[in-house]
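What follows is a set of notes on a single structure, which appears directly below.
In the UniProt record's numbering, the protein residues as written are 1 to 307.
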């Protein structure tokens with residue numbers, strides 16, 4: 001059967017279509033995405049503005065049409081922090097449904113962490129023992145740990161790369177601003193550390209998300225063109241050397257680095273600060289990069305239900 005997922009993130013809206021059936025590996029059939037930056041279409045009152053609503057509705061309608069053209073059996077859709085936190089979030093969802101016919105489901109931050117954890121467990125398998133998963137998006141940071149497919153603990157923190165970038169002035173930001181953000185990030189992560197470390201020492205640390213893949217690429221990991229089955233990792237020592245280098249560069253200059261697109265060059269510094277802080281606080285020397293994340297986790301969960 002052919003399944004699809006529309007992922008409405010703080011930065012990008014992404015349609016993933018896969019061919020799958022229970023017990024089999026989902027095989028990507030097509031991917032269609034657009035950088036909408038919904039988090040930048042937020043008013044002073046926290047509302048999603050009219051332009052953001054219009055762009056989201058138009059693109060969801062486009063994704064629905066593509067899914068129908070591809071003969072999809074079921075299309076799932078979900079939204080994360082950008083709309084979840086907006087006071088007019090429900091009105092936005094109602095408008096999208098009324099115009100496109102597609103209902104978008106709101107995922108909590110804990111939902112995101114749990115579903116992504118399932119994806120990483122399926123990718124790396126039972127032999128990995130206790131997993132510790134790190135996933136960063138535009139609006140939030142998700143952390144989870146567990147020995148099974150359902151994590152023992154899953155948390156979400158408002159430390160997304162896009163969210164933090166909007167608090168930094170200057171290009172590049174001043175050393176004082178960057179230090180303040182760094183301190184804020186580390187305080188929030190450390191405050192939640194006990195809920196994760198009390199389960200014991202993980203056997204494997206795993207990172208997902210475009211930001212982590214980009215950081216790994218800048219630190220020497222294989223390019224995406226080598227395929228998903230090439231082992232990729234992110235070393236803490238190498239990342240520690242990269243952060244000050246990113247901090248000294250403008251957003252435009254960062255596009256010269258491997259794995260950095262013009263669309264994400266502004267926020268890759270904040271993402272690096274968050275991931276370095278997470279690795280420091282939890283004593284992670286190396287993150288293994290997982291190509292599967294939230295979208296694949298939702299598809300796997302749906303296949304489990306069918307089975």
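Ideal Cβ positions, reconstructed from N, Cα and C, are used throughout, including at glycine.
Closer than 7 Å: residue 86 CB and nearest the ligand ADP heavy atom = Looking at this structure, you won't find the ligand ADP or any other ligand, since it has none at all.
Please report the residue range of the alpha helix (DSSP H) in which residue 59 lies.
-> Looking at the DSSP string, the run of the alpha helix (DSSP H) that includes residue 59 is 50 to 69.
Let me know the secondary structure DSSP gives residue 85 once reduced to three states.
-> Coil.
Coarse secondary structure for residue 14, derived from DSSP in three states | Correct three-state label for residue 14: strand.
Any idea what DSSP makes of residue 72, helix, strand or coil?
-> In this structure, residue 72 counts as coil in the three-state DSSP scheme.
Beta-carbon gap between residue 281 and residue 190 smaller than 8 Å | The answer is yes: Cβ separation under 8 Å.
Minimum C-alpha distance to residue 276 - residue among 248, 215 and 44 | Of the listed residues, the one whose Cα sits closest to residue 276 is 215.
State whether the segment 165 to 173 contacts the segment 95 to 104, with contact taken as three or more CB pairs (one from each stretch) at a distance under 8 Å.
-> With contact defined as three or more Cβ pairs closer than 8 Å, the segment 165 to 173 and the segment 95 to 104 are not in contact.
May I ask you to report which of helix, strand or coil DSSP gives residue 244?
-> The answer is helix: DSSP assigns residue 244 an H, G or I state.
Just list the beta strand (DSSP E) runs in the segment 196 to 261, keeping only unbroken ones of 3 residues or longer that don't cross its boundaries, in chain order.
-> Listed in chain order, they are 204 to 208 and 233 to 235.
Take the Cβ of residue 256 as the centre, count every other Cβ of all protein chains shown within 10 Å, and call the residue buried at 16 or more, exposed below.
-> By the Cβ neighbour-count rule, residue 256 is exposed, with fewer than 16 other Cβ atoms within 10 Å of its own.
Where does residue 164 fall in DSSP's three states?
-> Taken through DSSP and simplified to helix, strand or coil, residue 164 comes out as helix.
What's the C-alpha gap between residue 263 and residue 35?
-> Each residue's Cα considered, the two are about 8 Å apart.
Counterpart residues of residue 42 in DSSP-defined beta bridges = Residue 42 pairs with 48.
For residue 147, the first and last residue of its enclosing alpha helix (DSSP H) | Going by DSSP, residue 147 is part of no alpha helix (DSSP H) at all; its letter is neither H nor E.
Quick one: grab the DSSP three-state call for residue 116.
-> Note: residue 116 maps to helix in three-state DSSP.
Determine the burial state of residue 21: buried for a count of at least 16 other Cβ atoms within 10 Å of its Cβ, exposed for fewer.
-> Within a 10 Å sphere around the beta-carbon of residue 21 sit fewer than 16 other beta-carbons, which makes this residue exposed.
So what's residue 181 in DSSP terms, helix, strand or just coil?
-> Look at residue 181 here: in three-state DSSP terms it is helix.
Three-state class that DSSP yields for residue 282 in the structure shown | Three-state DSSP puts residue 282 in coil, outside helix and strand.
Pairing CB atoms from the segment 176 to 186 with CB atoms from the segment 78 to 95, are three or more of them under 8 Å?
-> Contact annotation: the segment 176 to 186 does not touch the segment 78 to 95, with fewer than three C-beta pairs closer than 8 Å.
With DSSP run on the structure shown, which of helix, strand or coil describes residue 32?
-> In the structure shown, residue 32 adopts extended strand secondary structure according to DSSP, grouped into three states.
From 64, 9, 59 and 63, residue whose alpha carbon lies closest to that of residue 38 | The option with the nearest alpha carbon to residue 38 is 9.
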